[in-house]
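Undergrad: Just so you know, the sequences run in chain order A and B. Those letters in the first sequence? Residues 2 to 294, per my numbering, in order. Those letters in the second sequence? Residues 488 to 783, per my numbering, in order. The structure under discussion is supplied below as structure tokens; questions concerning it will follow.
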Amino acid sequence: MMADLTLSRPLRRSSAHYRMRRRAFRALQVCALGLVLVYTLFPYYWAFVSSTKQGAALYRSVLLPALDFTYYRQLIDNPVFMGSLLNSAYVAVSTTCLSLIIGISAAYALGRIDFPQRRAVLMVILMISIFPQVVVLSGMFELINWLGLFNRPSALVLTYLLSTVPFTTWILTTFIREFPRELEEAAIVDGCSHLRILMKILLPLMGPSLASTGILAFILAWNEFLFALTFTLTDENRTVPVAIGLIAGTNRYEYPFGQIMAASVTVTLPLIAVVLIFQRRIVAGLTAGAVKG
Amino acid sequence: MSARLARRDHRAAWFFLLPVIAAMLVVAVWPLGRTFFFAFTDAYLDDPSVYTMVGLANFLEVFNDPSWWLAVRNTLVFTVISVSIETVLGLAIALLINDAIPGRGLARAAILVPWAIPVVVATKIWEWMLNDQFGVINKVLIELGLIDHGVAWTASGSLIMGVVIFIDVWMTTPFMVLLILAGLQMLSHEIFEAAAVDGIPAWKRFWSITLPMLRPAIGVAVLFRSLDALRMFDLSYVLAGSNEKVMTVSIYARDRLISFQELGVGSAASTWVFLLVALVAIILIGALRLDKAAGH
């Protein structure tokens, strides 16, 4: 009792001191968070602001957008740019669908069936996904020519499988393992084939996993640059990243930054919208492979 | 009976793997093999069917080319510095938004934006912001009185590597944050509470508990990011073309192959890239394993 009374005064003072320190720390954290937000978001905001300014206004650093959409109208009227948007969409969608089909089939074998070479197959797939694209460039060039696909968007669908298939296989394997085995036990006892188990039991449950994996594969394909630059030659067969990368002014002082920013905002806006809508799923997909792998 | 069932399972497994094996044979194994093959020939890109075998001559030509070693140096400098900065910054941001502070949900969504933007677009945006005359960065620095006239960030040779690293850090730190955050969320709270109750100061808790326990997550993130950085092509290419100051090994190999049409030499350069990446991968994986072994 006595001890409690004598202790209570210094204790109270120190807890007030402690609370103040905590509050200061919290304020510091919130400031840091604000800095992180500005750092990550300002460049994209600035691209949008710049894309709505004309002429001399572009060179004055006013923080608010002028909301003049001339550059966007020019883009819509530009058949080459719209064509490259279509090419990008075609290539990215086809690549995504193909790699999801190939990936889910492989993921079922790697995630659900016990066979001796399972780990080895997983390691080979992981190794393929990390080696540099430039290493296969010569052989791929010959293959594309041989198939008669040079300067066709379809060439890109084929070559993109190099990075998207290992990726979808790896992620879908980790997703498939998360489903409890009990789901299929009854079916196995009944003598169901593996194909039926995959199609009738697992696939209906895998919608969200397929969606997040698909979005990631889509982003990979949509953003690819090296193969797109190398295997297409003429403007009408370009994808958007290459089209933007190759926009150039008549000279150094007439660099069309306004147009480039408008094109940049146009091709990234759908991506950012999808990413923000499916935020949780995308993070799940991105981390699934790495953390448990 | 069960052996027969197991054999049936094995056959089913290979059946399901058939599409992925076929795809990888066509787009990975075959082109890789052809690249290795062309590296020993003097073929040119316009007609690859005309060639003679030249042994190791192409490998030696690349090996004796000072530009190649410049590209190797640039690639290694870029990889080491950018991955280091990304790891430290990624760890800091992950720790920040792992705490329950207001606005963390917003921050988690916001960090996905730089990650989703195509490299080409990110490069163009920063090129514009860093423009020597009209760029907003120079304007802000002049307003703050830090400089009195615009810095030519992307035009001057000595600054351009810094710019490349800076843009890469902006684009890929989110990936680090996400992986480290996932690692953080798997740690149990009890240890931290126990340590806090024992009066262990915050920095010591971070240094002796958080960091060692995060090591596997950070290790995997560093491995993936390093291998990705070693093959960097688009960022340097879009910002500076074939400028030797930031030319990476991927740009060097593609230049020989496509711009100079030298299929043989280009393939040899690609093979060197392959060996370089394989070497770094083995060293990194070895280092990670050793760390794990030491921890047990």
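Built from N, CA and C at the ideal position, the CB exists for glycine as well. Small disclaimer: the values here were computed from a predicted structure and weren't measured.
Nearest to F82/A by alpha carbon, out of L144/A, V276/A, G286/A and V243/A?
TA: The option with the nearest alpha carbon to F82/A is V243/A.
Undergrad: Kindly say whether A33/A, judged by its beta-carbon, lies nearer than 7 Å to any beta-carbon of chain B.
TA: Yes, A33/A lies at the interface with chain B (some Cβ there is under 7 Å from its Cβ).
Undergrad: Would you mind giving the Cβ-Cβ distance between K789/B and I273/A, rounded to the nearest angstrom? I have them listed as a contact below 8 Å.
TA: The structure shown has nothing for residue 789/B, since chain B only spans 488 to 783.
Undergrad: Measure the C-alpha to C-alpha separation of P287/A and A642/B and round it to an integer number of angstroms.
TA: Checking the displayed sequence, the identity of residue 287/A turns out to be Leu instead of Pro. Cα-Cα distance, rounded: 36 Å.
Undergrad: Do we get a CB-CB distance below 7 Å when we pair V276/A with the residues of chain B?
TA: Yes - at least one Cβ of chain B is within 7 Å of the one on V276/A.
Undergrad: Does K732/B get closer than 7 Å to chain A when you measure Cβ to Cβ?
TA: Not an interface residue.
Undergrad: Thinking just about the alpha-carbon of each residue, which of V651/B, I604/B, I588/B and P589/B is nearest to the one in L617/B?
TA: Answer by Cα proximity: V651/B.
Undergrad: Is there a Cβ of chain A sitting closer than 7 Å to that of F693/B, yes or no?
TA: It does not: the Cβ of F693/B has no partner Cβ on chain A nearer than 7 Å.
Undergrad: Where are the beta strand (DSSP E) runs, 3 residues long or more, that stay fully inside the region 513 to 575 of chain B, in chain order?
TA: Listed in chain order, nothing qualifies, since the region 513 to 575 of chain B has no complete beta strand (DSSP E) run of 3 or more residues.
Undergrad: For Y109/A, count the other beta carbons within 10 Å of its own beta carbon; 16 or more makes it buried, fewer makes it exposed. Which is it?
TA: The residue is buried, with at least 16 neighbouring Cβ atoms inside 10 Å.
Undergrad: Using a Cβ-Cβ cut-off of less than 8 Å, give me the residues of the region 630 to 648 of chain B that come near chain A, in sequence order.
TA: The region 630 to 648 of chain B vs chain A, Cβ under 8 Å: nothing.
Undergrad: Under 8 Å, with one C-beta from each stretch per pair, do the region 709 to 724 of chain B and the region 560 to 579 of chain B reach the 3-pair mark?
TA: With a cut-off of 8 Å, the region 560 to 579 of chain B and the region 709 to 724 of chain B count as touching, because enough Cβ pairs lie within range.
Undergrad: Is Y256/A helix, strand or coil by DSSP?
TA: Y256/A falls in the coil class under three-state DSSP.
Undergrad: Which residues in chain B have a C-beta closer than 9 Å to the C-beta of I273/A? List them in chain order.
TA: The answer, in chain order, is L599, V600, A603 and I604.
Undergrad: Among M141/A, I202/A, I278/A and V284/A, whose alpha-carbon lies nearest the alpha-carbon of L227/A?
TA: Ranking M141/A, I202/A, I278/A and V284/A by Cα distance to L227/A puts M141/A first.
Undergrad: If we ignore side chains and look at the alpha-carbon of each, how far apart do P117/A and V516/B end up?
TA: Between P117/A and V516/B, the C-alpha separation is close to 22 Å.
Undergrad: From what residue to what residue does the alpha helix (DSSP H) around D655/B run?
TA: Segment G644 to Q672, the alpha helix (DSSP H) holding D655/B.
Undergrad: Please check if any C-beta of chain A sits within less than 7 Å of the C-beta of V564/B.
TA: It does not; no Cβ of chain A falls within 7 Å.
Undergrad: Rounded C-beta distance between L762/B and S139/A? I'm assuming under 8 Å.
TA: Not a contact, Cβ separation roughly 15 Å.
Undergrad: Compare the Cα-Cα distances from R27/A to each of P589/B, F503/B, L547/B and V541/B and report the closest residue.
TA: Comparing Cα-Cα distances from R27/A to each of P589/B, F503/B, L547/B and V541/B, the minimum goes to P589/B.
Undergrad: How far does the alpha helix (DSSP H) with D191/A in it extend, from its first residue to its last?
TA: First-last for D191/A: undefined, no H or E at that position.
Undergrad: Can you look up H636/B in the DSSP assignment and give me helix, strand or coil?
TA: H636/B: coil per DSSP, three-state reduction.
Undergrad: Report all residues from its chain with a CB closer than 7 Å to the CB of T562/B; omit the five preceding and five following residues, and keep chain order.
TA: Within the same chain, T562/B has close Cβ partners L717, T735 and V736.
Undergrad: Thinking just about the alpha-carbon of each residue, which of V31/A, V92/A, Y40/A and I103/A is nearest to the one in I508/B?
TA: Minimum Cα distance to I508/B is reached at I103/A.
Undergrad: Just mark T96/A as buried or exposed, buried being the case when its beta carbon has 16 or more other beta carbons within 10 Å.
TA: Per the 10 Å Cβ criterion, buried.
Undergrad: Check whether the Cβ atoms of S757/B and A740/B lie closer than 7 Å to each other.
TA: It is a contact, given that the beta carbons lie within the stated cut-off.
Undergrad: Rounded to the nearest angstrom, what separates L332/A and G577/B at their Cα positions?
TA: This structure cannot speak to residue 332/A, because chain A is shown only from 2 to 294.
Undergrad: Leaving out five residues on either side along the sequence, give the residues of the same chain with a beta carbon under 8 Å from the beta carbon of Q748/B.
TA: Excluding residues within five positions, the ones whose Cβ falls inside 8 Å are Y531, L532 and D533.
Undergrad: Would you kindly work out how many angstroms separate the C-alpha atoms of A187/A and H195/A, rounded to a whole number?
TA: Cα-Cα distance, rounded: 13 Å.
Undergrad: Straight-line CA distance for R23/A to Q30/A?
TA: Those two C-alpha atoms are separated by around 10 Å.
Undergrad: Entirely within the region 117 to 144 of chain A and at least 4 residues each: give me those alpha helix (DSSP H) ranges in chain order.
TA: The region 117 to 144 of chain A contains these whole alpha helix (DSSP H) runs: 119 to 131.
Undergrad: Which residues of the region 150 to 167 of chain A have a Cβ closer than 8 Å to any Cβ of chain B? Give them in chain order.
TA: Those residues of the region 150 to 167 of chain A that come within reach of chain B (Cβ to Cβ, closer than 8 Å) are L159, T160, L162, L163, V166 and P167.
Undergrad: For the alpha helix (DSSP H) holding N224/A, just list the boundary residues, first then last.
TA: Element bounds for N224/A: G208 to N224.
Undergrad: CB T170/A to CB I131/A, shorter than 7 Å?
TA: Cβ distance not < 7 Å, so T170/A and I131/A don't count as in contact.
Undergrad: Does the beta carbon of G773/B come closer than 7 Å to any beta carbon on chain A?
TA: It does not; no Cβ of chain A falls within 7 Å.
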